[in-house]
Amino acid sequence: MTRTRKDLRCSVCGGNASYFSPALRRYFCDEHFVDIIVDRVRRSINKYKLADKLKHVVVGLSGGKDSVTLLSVLQRLANEFGFEILAVHINLGIGEYSKHSEQVCREIARKLNVPLLVLNLADLLGVTLPQMVKKLKRPACSICGTIKRYLFNVVGIEACATAVALGHNADDIAAYILKNFLLQDLSAIKKHGPATDPLDSLAVGRVRPLYEVLEDETRSYVKAAKLPFVETTCPFKPRRYFEATIKKALEFLEGEVKGLRLDFLRRIAKNLDVYPNPSEPLRSCSVCGLISSAEICAFCKLTLRVVGKPLGASVRQRVREALASLGLGWCKKSSKSS
Ligand SMILES: [Zn+2]
Ligand SMILES: [Zn+2]
362 MTRTRKDLRC
372 SVCGGNASYF
382 SPALRRYFCD
392 EHFVDIIVDR
402 VRRSINKYKL
412 ADKLKHVVVG
422 LSGGKDSVTL
432 LSVLQRLANE
442 FGFEILAVHI
452 NLGIGEYSKH
462 SEQVCREIAR
472 KLNVPLLVLN
482 LADLLGVTLP
492 QMVKKLKRPA
502 CSICGTIKRY
512 LFNVVGIEAC
522 ATAVALGHNA
532 DDIAAYILKN
542 FLLQDLSAIK
552 KHGPATDPLD
562 SLAVGRVRPL
572 YEVLEDETRS
582 YVKAAKLPFV
592 ETTCPFKPRR
602 YFEATIKKAL
612 EFLEGEVKGL
622 RLDFLRRIAK
632 NLDVYPNPSE
642 PLRSCSVCGL
652 ISSAEICAFC
662 KLTLRVVGKP
672 LGASVRQRVR
682 EALASLGLGW
692 CKKSSKSS
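FYI, the numbering used here numbers position 309 of the sequence shown as 670, with every residue one higher than the one before it.
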């Protein structure tokens, strides 16, 4: 919700206000809007004890408003907390949309002076996402989800990162949780807290620093901070899907009960232990050695079906090589400190 009426004044400095924070129910100028979002994330980092997890952090960068907000805010907090950041962009090969997204990500990384690793699906697997969708006849979002989860984990593991940070905003997270509750998939709720733990050498931990930042606020943040971002939506995004309906319902409820979404998320974060762990035991994929709930992991299974052989192990090797040329040195640092 962006209001730009001339008579509105920034509640900090009294200057012209361009942005409204629905969480604080106050107006701000560009500079102070950026400040209040950075401050909200700083508080979340302290409250949810995320600082150690963000020490050597891989940030998933799609180029959309949420991931751009995440990267910018973490970069602004890097000195204060001692964070080192690697941004990772995955080019899925969705025609002009992917070309544009990669361009935007390169521009942001340059602007923020953050190292960027671009992984190109066509290079890594020999196929693009649209080709996989055609072959598998599965919804694009489910294939894309499997690929992104896998590749971010590979980068995290191979780079010796302390965590992967995801740009999920408060509206996204509240909608996932409510959806899982409605479907009574209670063990999935645990995965949507401010942080999920790593699992030895199988999976890197995940953090969601925008846990208490609303979607309206990331939309305003990128404009207030004058950052480029991808405004077009992915051509594969379905027009109707359950999470979007739940988001609308939550917005409606918020109109009746002010502060509902963030209150809900704060309570969930306190109650995460109440929810059960996933029932299937987790083990190591026999092909790539990373986290799996079956003999071979979802990514190795997927690539086996598309190109005739499981590609997890070779993808890990390729990522290792790409990381070596960036020279982060996180693995040396983590073996020194342990
Ligand atoms: Zn101001
Ligand atoms: Zn595997």
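For every residue, glycine included, the Cβ atom is placed at its ideal position computed from N, Cα and C.
These numbers were taken from a predicted model, which means no experiment stands behind them.
Per DSSP, the beta bridge partners of I446 are V418. In this structure, the alpha-carbon of R601 lies about 43 Å from that of G688. If you compare the alpha carbons of I607, L527 and H461 with that of L544, the shortest gap goes to I607. For F603, the enclosing alpha helix (DSSP H) starts and ends at F603 to E617.
Close CB contacts of H393 within its chain, under the 7 Å cut and outside five residues either way in sequence, are with C371, V373 and C374 (chain order). For F660, the shortest separation between its Cβ and any heavy atom of ligand 2 lies below 7 Å. For the 8 Å CB-CB criterion, L563 and L651 form a contact. According to the DSSP assignment, Y458 belongs to the alpha helix (DSSP H) that extends over G456 to L473. The beta carbon of V565 sits closer than 7 Å to those of N514, G517, I518, A522, A524, V525 and P559, all from its chain and outside the five residues before and after it, given in chain order. Just so you know, the alpha carbons of D413 and P555 end up roughly 13 Å apart.
In this structure, DSSP gives I657 a state outside helix and strand, which the three-state scheme calls coil. Annotated three-state conformation of T430 is helix, per DSSP. Judged by the Cβ position, E392 qualifies as a neighbour of ligand 1 at the 7 Å threshold, a heavy atom of the ligand being closer than this. Setting aside the 5 residues that flank it on each side, C390 is surrounded in the same chain by C371, C374, G376, N377, A378 and S379, each with a C-beta closer than 7 Å to its C-beta; the list follows chain order. Note on P639: under 16 other CB atoms within 10 angstroms of its CB, so exposed under the neighbour-count rule.
Within the DSSP bridge table, the entry for F513 names no partner. If one requires a minimum length of 4 residues, the alpha helix (DSSP H) runs lying completely within the region 515 to 552 are 531 to 543 and 547 to 550, in chain order. With a cutoff of 8 Å on beta-carbon distance, L477 and A470 are scored as near each other.
One thing to note: E463 has its Cβ no nearer than 8 Å to the Cβ of H417. Not one heavy atom of ligand 2 is found less than 7 Å from the C-beta of C595.
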